[in-house]
Structure formats: structure tokens, C-alpha cells
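The next block holds one structure in the form of C-alpha cells; read it before the comments.
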Amino acid sequence: MYFDVKGKRVFATTGGKPFDNSKPVVIFLAGSGGDHTFWGLHARFFAFRKYSVLCPDAPGHTHSAGPALGSIEALADWLNEVVTALDIKDLSIVAHSQGCLVALEYASRFPHKLRSMSLITSGLATPVNDYLLKAANDNPAAAVDMMISWGFGPAGHLHQGPIPGNSIARVGYTTMWRNSPRALAADLHACNDYRNGKAAAAAVQCPVQVIIAGKDRMAPAKATATLVEHLPDPVVARISESGHMLPLEVPDQCRTLLKDFIFLHNPASQA
Amino acid sequence: MSEFLKFDTLSLHAGQTVDPVYGARAAPIYQTTSYVFPDTDTASSIFNLERGGHAYSRITNPTVGVLEQRIAALEGGSAAVCTASGMAATFCAITAILGQGDHIVASTQMYGGNISLMKNTLPRFGITTTFFDPTDIDACRNAIRDNTRLIYGELIGNPGLDILDLEAIANIGAEHHIPFMVDATFNTPYLCRCLDYGANMTIHSVTKWMGGHGNAIGGVVVDGGNFDWGASDKYPTITAPYAPFSGINLWEEFGPSAFATRIRAEAMRDIGPSMSPMNAFLLLQGIETLSLRMDRHMSNTAAMLEFLQNHEQVSWVNHPNLPGHRSHRLAQKYLPKGAGSIISFGVKGGRDAGKAFIENVELASHLANVGDAKTLVIHPATTTHSRIDAGALQAAGITEDMVRLSVGLEDIADIKADFETGFRAAARLAKG
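Sequence order for the protein chains is P and F. Each residue of the first sequence is one higher than the last, beginning at 1 in my numbering. Each residue of the second sequence is one higher than the last, beginning at 272 in my numbering.
In C-alpha cells:
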């Protein structure tokens, strides 16, 4: 669906059901260079279980009007504007990678509607190496290659995937590539510049779930340990065989974890 | 730097998870119609496209799934759907996006089955086709109409062997917002990945070089994931709600694999041209050695070109690797490893001499197939293209003396010796 936020068009998928703010809402936030397609299976699962789902394309990404926002703080403000524009009352956020930084910042500043937060493969900060940053500016094709190569674990590199016939790595590649070349660069700079993770984590008031990937080369164990250390009583799960793109690589295990957590903390009528 | 697995590694490993129960290294043959669901929630979520998984082998099967993901990986596509044959792949791919009142622009140089499908069968369903000479880009452009929804061609035309200018045709498609589908059977992804040059989907008869052993019929559609279906309202089967799946919008929810998902959700379910698990297994064995076989096909083809060009019983030889071929420049651009292992040539003495040649070779098999490990010969005018009218035959570049040769993997000296036997018989006939 399309809706306006401060006069700019925003696109979001709703998991195959019309958006309904009278239900508990789950917002899914993608990582750098990603869009709504990252969450297809998960969104559909919750939408058909009495939740209302929103997978928005961030400004300047795929179907949403630009430009891309250049900081995590600006993206958190934009997320609050989305929540306000759609008059969302009971909110759970599921976020991946860069989306986790946005979720942390949002949770620390706009806590009153947030019932739960699930953070997948992230640290408190996401420093980006200079080589990737430079490529994102000057050679987007090379930057997308690096994101896909480093992002996926063994299943991605072997073009496996949970949907018969689909190559998750190529789906990821095409999704990132069809975005505006500026979107990935803006995302990576926003990640690299973000410094408020520690304070934001300490200010989180809602139940938090952290899902860690054992073969993550983009948010390695040391980074995720720092996140866990600074959050108040997070529920931590680790999926050893996955790479950074965990929701795509092991969606069944990921969905089970999300379901158990969200059904508990932001129950819909059947949960 | 980024690191991706290379072609030969993907040929052996892509798409396969080692069997978690017994550790079988080869992809197991899951010869089953259906799958036990652990609970009702899992069952309903598979049917509702909330999770991957298998319900019924007409739609998906684990062995076939390995083959699909392997081919998607080799082609650089986002998804692939295997079918019972190459023709089934073509039909499913076309009808996934075209319907009553829609129009195709297609090359004249295609397999006779493709031409017949577009000329005779699809019009009964309200889909018409305008054919264009693949060497005339303007003819392609001029054939586009308001209701054109697809541009279709074979990279290496059959049997004239003219090469389609992929980038030029893709640009025409992009200008008019029409997807470009390429039958890549003759080239395989080892010789050319058409998606890299702007094609939006590829089709293969995997019966041919991909399988390579002449023991299993199969087809595949590869979704390049690189066409913006949502940029216009021309493709409602992808962008409008699809009632059988709770009004799902495939473009919104599946993005780069929406086209493949439509084929899976509609054609495989409602029409059912599924590939058997046994065939998928055999085809996987073939793909494991694709690059090795294609290199040998190319070296044997180069040797046969030299042999035929210098043979006194041969009136003409046609192959894009020959400098005099009108597609030679395009062959060098798109097919630097070699422009396939099909050679067409004329036997001096015309139709009867050609017949004598075919009936006297022994190692080369006279049959209606190409891309086998074994050398094959056929007379197209009386077999594969026999149901095409004289005009279309001429447009496809087929003459009565033409022999089509599919160069196999035998020792090149034995192939040459066998051909000498055939040519001697043709010469005896010519002398009367």
C-alpha cells in the first residue's frame, strides 16, 4: 500500500491482508540496501494470524519517494512519523541489521507504543569498512557484490533457500540492485556515523529479543555481545548455521523465535 | 574483496544441502508424490505461501528443487522452475504473463516447436505473434505494437545459427517496457549468461546440453528478477491480486521472484507439467560436468569445422565461428568460448546425396535431438521443420541439402572417419 508521510509517498507491504490499526501491529525494518521483499514470508505469517503488518520501504528505497535519509536518528524520526500517520497503537518491531539501529533509536525516544522489539544480527553500532564505503559511493555494483558476499552464510553462497527453486542470494542481490544506487550508500554512511547505540540500548523499556547468527561476518560475535550486554534483560537466541541474512537463510527457525516472543508480549486475539 | 563460488563449483554444489539423515553425498531421488505435514499450522502456512516446503510433487519436489536452484545459480537468476520438457517451459513462461489479446514479437530462427506454438497453438488462445529476422534489429522494433507483451528469441538460432544481438533487443524491450525472454538451450550458461546482457528470463530444454546424455526430457524457466513488472499496468498476472492465493500481489510480496512464483502457483498447479524426480536426478548428473563437456564440444566443433570446410563432398558449411558467417561478430561478443556445437552443412549432390550421407554414417546417430554426448545428424527439411510451410522454412534458412550436425564428445578422429564413410556413399551416388 501507499500512504503519505509529511507529503512524501511511502510504500509498504502488508503481508497479503489490508492494514488495520485496530490490531496489534508488527513493523518489519530491513537492513542496508534492503526493502519490503526481505520480509515476505515472515510478514505473511503474522498477517494471517490476526496481526496487522507493515514492511515499509525507507525513503529513497525501491517504491518509496526519496531522498534516502542520511542518519539513523533521521530514520527513527521518520519511523515515528509512520507510526503517527497510521495511528498505530500496539506496536512490535522486528528489525534486521541497520534496521536494528533505527529500532533502538526509536525505542529510546518513542517508547510509549512499543510492546516488543526483536533485533536480528546487529551490534550497538555498525562501523563500515572504508573499502565498502568508497565502493558504495563510486562503484555501487561492487558494493552490492560485497554486501551479498559478506552478508550470506554458506546457504546463500550455495544458492539454497527455503522456497523451492529460489536462490536467496540472487533475490537479495536483485533487491539491493534495483534500489537507487544512492540508497545503499546513504544507508552505509548512516550506519557508520551512528554513535548513540549504547545510550539508546540503556533507555529501552520494552521486552527485547536478540537473534544472533553463528556465521555472521557483518555483525560478528563481539559486536552482538556488546548489544546484549547493554540491553535490559534481553531474550537471546543463536542460530549457529546462519550468516548475517538470517531471516532469509533460516526463515523457519527465525519465525518460530519471533512468533514465541511476539505472541507473548504483544498478543493478538488468538495468541 | 567479495568472493563468490565459481561456475564449476556451483555446477557441483549449488542448491544441494547434504542429506541430514544418512549423509548421502549425491542429491537423493525423492520419488514421492506427497509429504507428511508435522502439524496443521505448517500445512496451512505452506499452502498460503508463508513458508517454503513441499506439499505435492506436481508443484515442488526436493530433487527437482536442487536442480532448479542449481540452474538459477548458473544462470544468475533469482529463481527457476523446472518443467516436464523445454516446450512446457516455453508454454508456462508465456502464459504466465500473456493472455487473450496479447502479442509476441519473436525471431524467425527458432526450433520448429517454438514456431508452431506461436503460429498455430497460441492464436487459439488469443495470443498472436509477429516474427522478425534476428539479424534485423529494426524489424524487431517495427514489429512492436501497443498490445505487445513479450519479445522472444533463441540466442543461437535454430537451425540457421544466426546470433541474436542480446543487448540491442534488450534495449528495445526496455524502451517499450516489454520483457525479453531468451531460449538459451543451444548456448547453456557456460557459453553465455543471457541475463548478464539484459535478457529478463531464459528458457532451456535441459534435455540437450545441460543434461547432455540424452537420457531425460526436461525444461526450465529462469526468472532474471530484473524486470520491473510494476512500472506499468501491462502485466496484471504479476501485479494484480491473485484470487486463488487470498488475493496475493506477487510483485509486491515476492519482488525479484514474482514471475517464477506465478509459474509455480498457476502453471504447475493448474496445468501440471512437472518434471519427475528421476529425470531431475539424471539432469543433475549431467550438469555436474557441464563445463568439461562444453569445452570438449567446442574443441570437437572447431575440428569438425576445419574438416568439413576442406572436404570435397561438402558444398557449404555454416557456423557462427566461421569468419564468413553473418553473425560472426556477434558470436565473438556473446559467445567467446564458442558458438555452440551445432554445424549445418550441405552435401554436394543435393537432397539424395544428403540422404545417402545420413544413411551411411554409423557412429553418428540419425535422430531428432541435439546436445547429446554422442554425435547426431539429421535432415531438418524432412524432420524437425517438416511441418513448417515453405516460406517459414526459407525464413529459417533451411535448404533441402542441409544436414544438421550436433557434434558429440567422441574422439575426433573417429567422428571424421565416420563422416568419410558417409561422404564416400554420397560421392558414389553423385557419380551415378
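Glycine included, C-beta positions come from ideal geometry on N, C-alpha and C.
Sub-8 Å separation of residue i and residue j beta-carbons
i, j, result
"Gly-33(P)", "Asn-129(P)", "no"
"Asn-319(F)", "Ser-476(F)", "no"
"Gly-662(F)", "Leu-554(F)", "no"
"Arg-115(P)", "His-230(P)", "no"
"Thr-62(P)", "Phe-19(P)", "no"
"Gln-380(F)", "Pro-405(F)", "yes"
"Phe-457(F)", "Gly-611(F)", "yes"
"Tyr-306(F)", "Ala-326(F)", "yes"
"Ile-427(F)", "Cys-411(F)", "no"
"Val-102(P)", "Leu-79(P)", "yes"
"Gly-60(P)", "Ala-183(P)", "yes"
"Ala-47(P)", "Ser-108(P)", "no"
"Ser-545(F)", "Arg-341(F)", "no"
"Ile-368(F)", "Arg-420(F)", "yes"
"Gly-165(P)", "Glu-339(F)", "yes"
DSSP-derived helix/strand/coil call for residue i
i, result
"Ala-65(P)", "coil"
"Ile-440(F)", "helix"
"Ala-271(P)", "Bear in mind that the predicted position of Ala-271(P) carries a pLDDT of just 44, short of 50, making it too unreliable to give a figure here."
"Ser-116(P)", "strand"
"Val-678(F)", "coil"
"Ser-167(P)", "coil"
"Asp-454(F)", "strand"
"Cys-353(F)", "strand"
"Met-218(P)", "coil"
"Asp-290(F)", "coil"
"Asp-310(F)", "coil"
"Met-272(F)", "Confidence is the limiting factor: at Met-272(F) the pLDDT is only 40, short of 50, which leaves the residue's position unreliable, though a coordinate-based value still follows. In the structure shown, Met-272(F) sits in coil (DSSP, three-state: anything other than H, G, I, E or B)."
"Gln-556(F)", "helix"
"Tyr-194(P)", "coil"
"Gln-340(F)", "helix"
"Thr-654(F)", "coil"
"Trp-177(P)", "helix"
"Ile-300(F)", "coil"
"Ser-528(F)", "helix"
Residue(s) in a DSSP beta bridge with residue i
i, result
"Leu-54(P)", "Ile-27(P)"
"His-374(F)", "Thr-399(F), Thr-419(F)"
"Tyr-327(F)", "Ser-305(F)"
"Val-618(F)", "Val-585(F)"
"His-637(F)", "Val-648(F)"
"Ile-365(F)", "According to DSSP, which records beta bridges pairwise, Ile-365(F) is partnered with nothing at all."
"Ala-12(P)", "Pro-56(P)"
"Arg-238(P)", "Ile-212(P)"
"Met-673(F)", "Gly-617(F)"
"Phe-3(P)", "Val-10(P)"
"Ile-519(F)", "Tyr-513(F)"
"Ile-434(F)", "Ile-427(F)"
Boundaries (first-last residue) of the alpha helix (DSSP H) holding residue i
i, result
"Ala-95(P)", "Not the alpha helix (DSSP H): Ala-95(P) falls in the beta strand (DSSP E), residues 91-96."
"Ser-387(F)", "383-387"
"Tyr-605(F)", "599-605"
"His-448(F)", "Here His-448(F) belongs to no alpha helix (DSSP H), and DSSP marks it neither H nor E."
"His-568(F)", "561-580"
"Asp-279(F)", "278-284"
"Leu-124(P)", "Careful: Leu-124(P) lies outside any alpha helix (DSSP H) and carries neither H nor E."
"Arg-44(P)", "40-47"
Start-to-end residues for the beta strand (DSSP E) that takes in residue i
i, result
"Arg-420(F)", "419-425"
"Gly-215(F)", "What is shown of chain F runs 272 to 703, which leaves residue 215(F) out entirely."
"Trp-587(F)", "585-589"
"Gly-472(F)", "Going by the sequence as given, residue 472(F) is Met instead of Gly. Met-472(F) -> beta strand (DSSP E) spans 472-476."
"Ile-211(P)", "208-213"
Q | Three-pair Cβ contact test at 8 Å for the region 560-574 of chain F versus the region 669-688 of chain F | A | As far as the Cβ criterion goes, the region 560-574 of chain F touches the region 669-688 of chain F, which means the pair count is three or higher.
Q.
Is it the case that the region 298-305 of chain F contacts the region 324-338 of chain F, given that we only count it when at least three CB pairs across the two stretches are under 8 Å?
A. As far as the Cβ criterion goes, the region 324-338 of chain F touches the region 298-305 of chain F, which means the pair count is three or higher.
(Q) Could you check whether the region 24-31 of chain P touches the region 525-544 of chain F, counting it as contact only if at least three pairs of C-beta atoms, one from each stretch, sit closer than 8 Å? (A) Three or more Cβ pairs closer than 8 Å define a contact, and the region 24-31 of chain P falls short of that threshold against the region 525-544 of chain F.
**Q.** Sufficient close CB pairs (3 or more, under 8 Å) joining the region 55-73 of chain P to the region 277-284 of chain F
**A.** Here the region 55-73 of chain P makes no contact with the region 277-284 of chain F; the two share fewer than three CB pairs at distances below 8 Å.
Q: Determine contact between the region 184-192 of chain P and the region 230-240 of chain P, defined as no fewer than three beta-carbon pairs at a distance below 8 Å.
A: The region 184-192 of chain P vs the region 230-240 of chain P: no contact.
Q: Count the C-beta pairs between the region 163-177 of chain P and the region 210-226 of chain P that are closer than 8 Å, then say yes if the count reaches three, no if not.
A: At 8 Å Cβ cutoff, the stretches do not touch.
Q.
Does the structure place the region 669-678 of chain F close enough to the region 613-626 of chain F that three or more beta carbon pairs sit under 8 Å?
A. Touching, yes, given that three or more Cβ pairs across the two stretches are closer than 8 Å.
Q. So, do the region 639-649 of chain F and the region 434-444 of chain F have three or more beta carbon pairs nearer to each other than 8 Å?
A. In short, these stretches do not touch, since the Cβ pair count stays below three.
Q. So, do the region 392-402 of chain F and the region 362-370 of chain F have three or more beta carbon pairs nearer to each other than 8 Å?
A. Yes, the region 392-402 of chain F is in contact with the region 362-370 of chain F.
(Q) Closer than 8 Å is the cut-off here; do at least three beta carbon pairs connect the region 491-511 of chain F with the region 338-350 of chain F? (A) Touching, per the Cβ criterion.
Q. At a cut of 8 Å, does the region 595-602 of chain F reach the region 429-436 of chain F through at least three beta carbon pairs?
A. The region 595-602 of chain F and the region 429-436 of chain F touch, with no fewer than 3 CB-CB distances between them shorter than 8 Å.
Q | Members of the region 617-649 of chain F that neighbour chain A once the beta carbon cut-off is set at 9 Å | A | The structure shown contains no chain A; its protein chains are P and F.
Q | Inter-stretch contact (C-beta, 8 Å, three-pair minimum) for the region 576-589 of chain F and the region 601-621 of chain F | A | Result yes; three or more Cβ-Cβ pairs closer than 8 Å.
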